[in-house]
Amino acid sequence: MPFDLSTHVRSGLRPPAAAPFKGFPPYYFIGGNNAGEALPMPELIAAATRALEKEGRNLATYNLKTGAQGYRPLREWLVERLKSWTQIECSVDNIIVTSGSTQALELVQKVLLDPGDVVVVEGGTYGSAMTRLHDIEADYVGVAMDDDGIIPAELEKVLAELKAVGKRCKYIYTIPTVQNPTGTIMSMERRHALLDIAQRHDLMIFEDDCYADLTWSGTRPPAIKTLDTEGRVIYCGSFSKSIAPALRVGYLVADWPFIAQALTAKTDAGSGALEQITLAEFLPAHFDSHVAKLTALFKQKCDAIQDALHESFGTSAEFRPPEGGIFIWVTLPDTVDTSKLAQAAAAAGISINPGRDWVADPETGKHSFRLCFGQPSFEQIKDGVAKLAEVCHEEFGVPLTSGNVQRS
Ligand SMILES: Cc1ncc(COP(=O)(O)O)c(C=O)c1O
5 MPFDLSTHVR SGLRPPAAAP FKGFPPYYFI GGNNAGEALP MPELIAAATR ALEKEGRNLA
65 TYNLKTGAQG YRPLREWLVE RLKSWTQIEC SVDNIIVTSG STQALELVQK VLLDPGDVVV
125 VEGGTYGSAM TRLHDIEADY VGVAMDDDGI IPAELEKVLA ELKAVGKRCK YIYTIPTVQN
185 PTGTIMSMER RHALLDIAQR HDLMIFEDDC YADLTWSGTR PPAIKTLDTE GRVIYCGSFS
245 KSIAPALRVG YLVADWPFIA QALTAKTDAG SGALEQITLA EFLPAHFDSH VAKLTALFKQ
305 KCDAIQDALH ESFGTSAEFR PPEGGIFIWV TLPDTVDTSK LAQAAAAAGI SINPGRDWVA
365 DPETGKHSFR LCFGQPSFEQ IKDGVAKLAE VCHEEFGVPL TSGNVQRS
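Read left to right, the sequence shown gives residues 5 to 412 (my numbering).
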């Protein structure tokens, strides 16, 4: 009998990616990548060299320098940064350094969820967060949002509906500061309202702040975690968007009882030590100036992609200017199915995220798509969006004619 792997893997696992990675297509607007040209190479090389000189021989031992919670000087820097940027007051004991914030998401799910439990998410949310919930057989329900974030009355409605069918929501997953995929920032009033609802319904909140370093204004509202006096809010952040995703360094911040549970759940024998030690060497002198430069570049790319959308799609493409980050959420007329558009675009060498994968209810994302602009060059942004408009015109007659400055 020929060997068939699918008869051996755990039931319910999704099919694996189609093929091994063969490089990026010419116009790559997915993946949440950073801008290679903005990496502060001399400073990172110097930091990595100092890290190896100081601690290199300790890499021979599991966890010797990082412990289960992460490299202490990195956590000490995070305590100060959290205080100044998010206004969270915590100690090194409240922080676990994780392998990207992806691992923070996994730890929260592992600690809080049983199969069948429900998580409330924002109507548009991080695609992989939903995939991971699906993988552990948890359910999720989306709540409608507007430009200020999750709508409190809609959240109440969803919670009442869950209660009516005997299901209890375990936690609310929110990306309040530079939301993925909308790029909005939740207002302070909504942050208070969210915590108030969580308290009344005895829910936890998981605040994912992985894009929060990248606001155009250089300011941000205090984290929801700062309003929490009970240990109800768990917070995570990442260096993927502010420095480089391949470092795989993120962090989870919570009160000690949750941290203790998460440490039990973290069974990877420690996150990469060299990355943590290198960051601890790099951050104190260079983080602020690097983030200021990076954000200025992303803002220029964000302006460029909005110009390209105006030029190539005209009024067919609706979007709200993002308030920071590396992506834009675009909605096309009802005649365009963006899943089909994504397929046709892929054949033309253009990768986009169809809206369906970035919303809790696939129907609500049918005419939208997400474009990441952190990695592509200015030229790729301009040409790629123009080519995407050509493909869209051929497939759906939108925009009305192909070529620049069409209005439909
Ligand atoms: C909202 C959100 N959270 C978490 C992550 C995971 O990022 P990382 O594991 O690289 O920190 C991403 C990545 O794109 C994201 O968009």
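Cβ coordinates follow ideal geometry from the N, Cα and C atoms, glycine included.
Residue closest to residue i, alpha-carbon to alpha-carbon, out of the options
i, options, result
"Gly16", "Arg136, Thr405, Thr90, Gly222", "Arg136"
"Arg374", "Ala352, Thr268, Gln310, Thr65", "Gln310"
"Asp97", "Glu110, Ser103, His314, Val83", "Val83"
"Val334", "Leu43, Leu313, Gly353, Ala351", "Leu313"
"Glu93", "Ile385, Ser275, Tyr239, Asp361", "Tyr239"
"Lys26", "Ile385, Gly353, Pro366, Ile49", "Gly353"
"Arg223", "Lys370, Ile189, Ile201, Arg61", "Residue identity differs from the one stated: residue 223 is Thr in this sequence, not Arg. Of the listed residues, the one whose Cα sits closest to Thr223 is Ile189."
"Phe302", "Phe323, Phe28, Asn38", "Asn38"
"Ala284", "Phe33, Ala308, Ala50, Gly274", "Ala50"
"His290", "Phe7, Ala266, Asp200, Leu48", "Leu48"
"Asp152", "Asp8, Arg324, Glu383, Ile34", "Arg324"
"Asp292", "Pro44, Asp8, Met5", "Pro44"
"Leu166", "His205, Ser132, Pro19, Asp150", "His205"
"Thr65", "Ser275, Leu287, Phe286, Val340", "Ser275"
"Asp272", "Lys171, Gly71, Pro19, Arg18", "Gly71"
Span separating the alpha-carbon of residue i from that of residue j
i, j, result
"Ala108", "Gly254", "7 Å"
"Thr342", "Gly401", "13 Å"
"Glu41", "Lys174", "41 Å"
"Gly187", "Gly328", "6 Å"
"Ser244", "Leu392", "27 Å"
"Ser372", "Thr299", "25 Å"
"Gly36", "Ile356", "11 Å"
"Cys214", "Gly104", "10 Å"
"Pro380", "Phe331", "11 Å"
"Leu278", "Leu251", "9 Å"
"Lys386", "Ala321", "15 Å"
"Pro366", "Gly60", "48 Å"
"Ala264", "Pro46", "38 Å"
"Lys370", "Val363", "9 Å"
"Glu211", "Ile34", "23 Å"
"Phe28", "Asp361", "20 Å"
"Asn67", "Tyr75", "9 Å"
"Ala351", "Ser132", "24 Å"
"Ala346", "Pro77", "44 Å"
"Ala258", "His12", "38 Å"
"Leu267", "Asp118", "18 Å"
"Leu287", "Met5", "56 Å"
"Asp8", "Leu256", "39 Å"
Cβ shell of residue i (< 7 Å), same chain only, five flanking positions each side left out
i, result
"Val162", "Val124, Val145, Val147"
"Lys297", "Ala42"
"Glu80", "Val96"
"Ile201", "Pro156, Leu159, Glu160"
"Leu63", "Ala277, Leu278"
Close Cβ partners of residue i (< 6 Å) along its chain, the five nearest in sequence each way excluded
i, result
"Ser10", "none"
"Arg195", "Ile228"
"Lys305", "Phe377"
"Thr90", "Ala227"
"Asn184", "Tyr130"
"Ala390", "Ser316"
"Pro225", "Met192"
"Gln73", "Ile100"
"Ala348", "Val395, Glu399"
"Asp143", "Val122"
"Ile154", "Glu126, Val147"
"Gly235", "Asp259"
Presumed contact (8 Å Cβ cut-off) between residue i and residue j, rounded CB distance
i, j, result
"Val295", "Asp217", "5 Å"
"Leu86", "Lys270", "With a Cβ gap of about 20 Å, Leu86 and Lys270 do not count as contacting."
"Gly318", "Pro249", "Wrong, their Cβ atoms sit about 34 Å apart, outside the cutoff."
"Glu141", "Gly127", "Contact flag wrong, Cβ pair sits at about 22 Å."
"Thr178", "Leu198", "7 Å"
"Gly388", "Tyr31", "3 Å"
"Ile281", "Ala55", "4 Å"
Local Cβ density within 10 Å of residue i, reported as buried at 16 or more and exposed below that
i, result
"Glu193", "exposed"
"Ser242", "buried"
"Val169", "exposed"
"Thr53", "exposed"
"Met208", "buried"
"Lys58", "exposed"
"Gln113", "buried"
"Asp232", "buried"
"Pro326", "buried"
"Trp260", "exposed"
"His397", "buried"
"Met134", "buried"
"Arg411", "Reliability of the predicted coordinates at Arg411 is poor, the pLDDT of 42 falling under 50, and the value obtained from them is presented with this limitation in mind. Classification of Arg411: exposed, given that the 10 Å Cβ count is below 16."
Chain-order list of residues whose beta-carbon lies under 8 Å from that of residue i (same chain, five-residue window excluded)
i, result
"Pro24", "none"
"Asp338", "His371"
"Ala308", "Phe377, Phe382, Ile385, Lys386"
"Gln203", "Glu234, Arg236"
"Phe262", "Val115, Gly235, Ile238"
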